[in-house]
Amino acid sequence: MTIQFYDLAGGDLNVRFSPNCWRIRMALWHKGLDFDDIPLRFTDKEPIAFSGQKLLPVIRDGNRSVHDSWDIAVYLDGAYAEKPRLFNGSQAMALCNVLRFWVQGSVHRAIQRLIIVDIFNALDQRDKAYFRSTREARLGMPLEQFRVATAEGVQELKAALTPAREALQYQPFLSGPAPAFADYLLFGAFMWARAVSPVRLLDHGDPVYAWRERMLDLFDGAPRKMAGRGV
Ligand SMILES: N[C@@H](CCC(=O)N[C@@H](CS)C(=O)NCC(=O)O)C(=O)O
Numbered sequence: 110m111t112i113q114f115y116d117l118a119g120g121d122l123n124v125r126f127s128p129n130c131w132r133i134r135m136a137l138w139h140k141g142l143d144f145d146d147i148p149l150r151f152t153d154k155e156p157i158a159f160s161g162q163k164l165l166p167v168i169r170d171g172n173r174s175v176h177d178s179w180d181i182a183v184y185l186d187g188a189y190a191e192k193p194r195l196f197n198g199s200q201a202m203a204l205c206n207v208l209r210f211w212v213q214g215s216v217h218r219a220i221q222r223l224i225i226v227d228i229f230n231a232l233d234q235r236d237k238a239y240f241r242s243t244r245e246a247r248l249g250m251p252l253e254q255f256r257v258a259t260a261e262g263v264q265e266l267k268a269a270l271t272p273a274r275e276a277l278q279y280q281p282f283l284s285g286p287a288p289a290f291a292d293y294l295l296f297g298a299f300m301w302a303r304a305v306s307p308v309r310l311l312d313h314g315d316p317v318y319a320w321r322e323r324m325l326d327l328f329d330g331a332p333r334k335m336a337g338r339g340v
C-alpha cells in the first residue's frame, strides 16, 4: 500500500517549507518508496487528528501512523530494511541523533532569524494570524524584531555551519561517500529557506554551497524541481 505523507504547505500548495517535513521527503526518495504527497496548511489539523497530535510531518503506512521526523525515519529504515539505509547501523543512528540537535539548535535558529518574515508572507491568509501568535508567544517578541539584518544573519549562519564546512573538506556528504539521513537533517534547513526566501544564505565558494548543490541534484534533481526561490 502506498504511504501517505502529510506535508506542510504555504498559500501556494506547491510551496513546501517545513524543514522537518523535508527530511522525510528526502528519506522517502532515498528509500525509493511510493507515497501520496498530501499538503496541509498550519490550521488544517483535522486531517491528521488520527495521529493524536498536531504537528507535521506525519505518515500513514497501512494501518500504522507515525509522526515526528526522527521517529518516521527510524520507522522507515526498520520497516523497509531491504531498501537503501538511512542509517548505516546503530552507531550511525546515534551520531545522527547528535547531529539532529546541532542542526535544530544552531542552524535552524540562525536560518529562522533570516527568513521568519518571508515564511509569514508565504502563508495562506488563514494561517497568518495563527503563525504570528504562536511564534511570537514562543519567541517572546514580534516576528519583525526577531528577524536579523541579512548581512549579520548570514555571518551568524556561516559560523553555525563550521562543523559541516570542516567535515565536507574530507568527504562529499556528511554521511560519507553517499548521502543518508545525516545529510537530510541539514538539507531540510536549507529547503525551508529555499521555498520561501530570496536571501542568499551561502557564498558560492563555500564547501557547504557545493554540498547543497549536490543535494539538490539527488534523485534526478527532484529537490531542485520543487517550488523554491533558487538562491
Ligand atoms: N520534532 C518534530 C517537530 C515537528 C514540527 O514542529 N513541525 C512543524 C512544522 S516544521 C509543525 O507542524 N508546526 C505546526 C504548528 O505549529 O501548528 C519533528 O521533528 O517532526
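If you want the numbering used here, it's the position in the sequence shown, counting the first as 1, plus 109. Yeah, the Cβ is synthetic: ideal placement off N, Cα and C, and Gly gets one too.
Ligand 1 heavy atom lying under 6 Å from the CB of residue i
| i | result |
| --- | --- |
| ASP146 | no |
| ASN206 | no |
| ASP177 | yes |
| PHE151 | yes |
| LEU248 | no |
| LEU311 | no |
| LEU122 | no |
| SER127 | yes |
| LEU117 | yes |
For residue j and residue i, the rounded distance between their alpha carbons
| i | j | result |
| --- | --- | --- |
| TYR279 | ASP153 | 44 Å |
| TRP320 | PHE240 | 31 Å |
| ASP233 | LEU117 | 11 Å |
| ASN197 | PRO286 | 12 Å |
| VAL263 | PHE229 | 20 Å |
| LEU325 | TYR293 | 11 Å |
| PHE151 | LEU185 | 25 Å |
| ARG194 | PRO272 | 24 Å |
Under 7 Å between C-beta atoms of residue i and residue j
| i | j | result |
| --- | --- | --- |
| PHE290 | ALA219 | no |
| PRO166 | CYS130 | yes |
| THR111 | ASP145 | yes |
| ALA276 | GLY119 | no |
| ASN417 | ALA268 | Lying before the first or after the last residue shown, residue 417 is absent from the chain, which here runs from 110 to 340. |
Cβ neighbour criterion (16 or more within 10 Å) applied to residue i
| i | result |
| --- | --- |
| PHE296 | buried |
| ARG235 | exposed |
Problem set entry | Within the region 194 to 244, ranges of the beta strand (DSSP E) (whole runs, at least 3 residues) | Listed in chain order, there is nothing to give.
Exercise. What residue ranges within the region 278 to 314 form continuous alpha helix (DSSP H) runs of no fewer than 4 residues, ordered along the chain?
Worked result: 290 to 305
For this session: Could you pull out every unbroken beta strand (DSSP E) segment of at least 3 residues lying fully inside the region 149 to 174, listed in chain order?
Result: 167 to 170
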